[in-house]
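*Asks:*
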Amino acid sequence: MTRVLVIDDEPSILRALRINLTARNYEVSTATDGTSGLAAVSRERPDAVILDLGLPDMDGTEVIHGVRGWTATPIIVLSVWGAEHQKVAALDAGADDYVTKPFGMDELLARLRAAVRRASPEPDEPVVETPGFTVDLAAKRVTRDGADVRLTPTEWQLLEILVRNRGRLVTQKQLLQDVWGPAYGSESNYLRVYIAQLRRKLEEEPSRPSYLLTEPGMGYRFQA
Numbered sequence: 001m002t003r004v005l006v007i008d009d010e011p012s013i014l015r016a017l018r019i020n021l022t023a024r025n026y027e028v029s030t031a032t033d034g035t036s037g038l039a040a041v042s043r044e045r046p047d048a049v050i051l052d053l054g055l056p057d058m059d060g061t062e063v064i065h066g067v068r069g070w071t072a073t074p075i076i077v078l079s080v081w082g083a084e085h086q087k088v089a090a091l092d093a094g095a096d097d098y099v100t101k102p103f104g105m106d107e108l109l110a111r112l113r114a115a116v117r118r119a120s121p122e123p124d125e126p127v128v129e130t131p132g133f134t135v136d137l138a139a140k141r142v143t144r145d146g147a148d149v150r151l152t153p154t155e156w157q158l159l160e161i162l163v164r165n166r167g168r169l170v171t172q173k174q175l176l177q178d179v180w181g182p183a184y185g186s187e188s189n190y191l192r193v194y195i196a197q198l199r200r201k202l203e204e205e206p207s208r209p210s211y212l213l214t215e216p217g218m219g220y221r222f223q224a
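Under UniProt numbering, the letters of the sequence shown match residues 1 to 224, in that order.
Here you go:
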């Protein structure tokens with residue numbers, strides 16, 4: 001049974017999540033502030049954490065830093081609509097995904113399943129297949145319709161990061177620093193140019209991408 005810890009100070013959300021998760025055979029525990037939430041993560045070793053960013057005793061980002069200090073447990077953050085800077089800070093701190101309040105239960109459950117699935121051990125160098133193309137991470141090779149797709153070293157590096165984090169939002173800052181270095185954390189125009197090039201090479205309709213998705217103002221997500 002998958003163990004989920006919910007850290008939120010709103011009784012109605014705690015109650016709704018407990019009912020819905022329990023009905024789907026999750027084992028649910030709760031905490032109402034960051035201090036007790038961190039203690040529960042250490043004590044209970046949950047398989048996933050659902051975390052509200054607005055806690056009474058500390059910012060949710062501090063909780064993420066505390067959890068990430070010793071475990072890679074998937075973290076899905078809950079944030080109010082429009083708080084993009086909070087979402088970006090949470091993702092940069094190590095959160096795996098986010099859901100905006102008010103949220104649909106089906107969306108949250110789908111993101112929870114995906115986060116738990118991604119946390120499961122996988123082969124070190126998988127071949128990732130989509131209906132449109134195949135990415136061989138070990139061979140550093142992309143094929144489409146049976147033919148090799150020629151990528152520049154920078155295009156490959158960008159694609160590899162997104163593919164290895166498939167299904168997960170990767171922030172602009174993380175991509176820029178991983179591909180171009182720490183001094184390029186704000187050069188978002190670099191990303192727009194290279195993502196557009198990748199879409200032209202890999203997407204059936206580059207203007208309506210199916211795999212290399214933009215999260216406006218936040219980052220990019222590879223959806224296989």
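For every residue, glycine included, the Cβ atom is placed at its ideal position computed from N, Cα and C.
Can you tell me which of the three DSSP states residue 87 falls into?
*Replies:* DSSP places residue 87 in helix when its eight states are reduced to three.
*Asks:* Does the Cβ of residue 47 have 16 or more other Cβ atoms within 10 Å, making it buried, or fewer, making it exposed?
*Replies:* It counts as buried.
*Asks:* Assess, as a yes-or-no matter, whether the region 25-38 is touched by the region 85-94 under the definition of 3 or more beta carbon pairs within less than 8 Å.
*Replies:* Verdict: no, contact absent.
*Asks:* Would you kindly work out how many angstroms separate the C-alpha atoms of residue 205 and residue 199, rounded to a whole number?
*Replies:* Taking the straight line from one Cα to the other gives about 8 Å.
*Asks:* Rounded to whole angstroms, what is the Cα-Cα separation between residue 105 and residue 20?
*Replies:* So the two alpha carbons sit approximately 8 Å from each other.
*Asks:* Find out if the Cβ-Cβ distance for the pair residue 117, residue 169 is shorter than 8 Å.
*Replies:* Taking 8 Å as the Cβ cut-off, residue 117 and residue 169 do not qualify as a contacting pair.
*Asks:* Measure the Cβ-Cβ separation of residue 5 and residue 23 and say whether it is below 8 Å.
*Replies:* For residue 5 and residue 23, no; Cβs fall outside 8 Å.
*Asks:* Can you list, in chain order, the residues of its chain with a C-beta nearer than 8 Å to that of residue 9? Leave out the 5 residues immediately preceding and following it.
*Replies:* The residues are 32, 33, 52, 54, 55, 56.
*Asks:* Taking the alpha carbon of residue 27 as the reference point, which residue from 98, 140, 1 has its own alpha carbon closest?
*Replies:* That would be 1, whose Cα lies nearest to the Cα of residue 27.
*Asks:* Sorted by chain position, which residues of the same chain lie with C-beta nearer than 7 Å to residue 140's C-beta, five sequence neighbours on each side aside?
*Replies:* The answer, listed in chain order, is 156.
*Asks:* Is it buried or exposed, residue 79, if we count other Cβ atoms within 10 angstroms and call 16 or more buried?
*Replies:* Buried, since its Cβ has 16 or more Cβ neighbours within 10 Å.
*Asks:* Among 218, 59, 70, 183, which has the Cα closest to the Cα of residue 43?
*Replies:* Per the Cα distances, 70.
*Asks:* So is residue 181 buried or exposed if we call it buried at 16+ other beta carbons inside 10 Å?
*Replies:* Exposed is the call here.
*Asks:* Taking all protein chains shown into account, decide if residue 228 is buried (16 or more other Cβ within 10 angstroms of its Cβ) or exposed.
*Replies:* Beyond the ends of the chain as shown, which are 1 and 224, falls residue 228; an answer cannot be given.
*Asks:* Provide the residue span of the alpha helix (DSSP H) that contains residue 219, from first to last.
*Replies:* Looking at the DSSP string, residue 219 is not in any alpha helix (DSSP H); the run it does join, the beta strand (DSSP E), is 219-222.
*Asks:* Taking the continuous beta strand (DSSP E) assigned at residue 171, which residues delimit it?
*Replies:* Note, residue 171: beta strand (DSSP E), 169-171.
*Asks:* Can you grab the Cα-Cα spacing for the pair residue 146 / residue 133, in whole Å?
*Replies:* Taking the straight line joining both Cα atoms gives about 9 Å.
*Asks:* In its own chain, which residues sit with a C-beta less than 6 Å from the C-beta of residue 68, not counting the 5 before and 5 after it?
*Replies:* Closer than 6 Å at Cβ, skipping near neighbours: 94.
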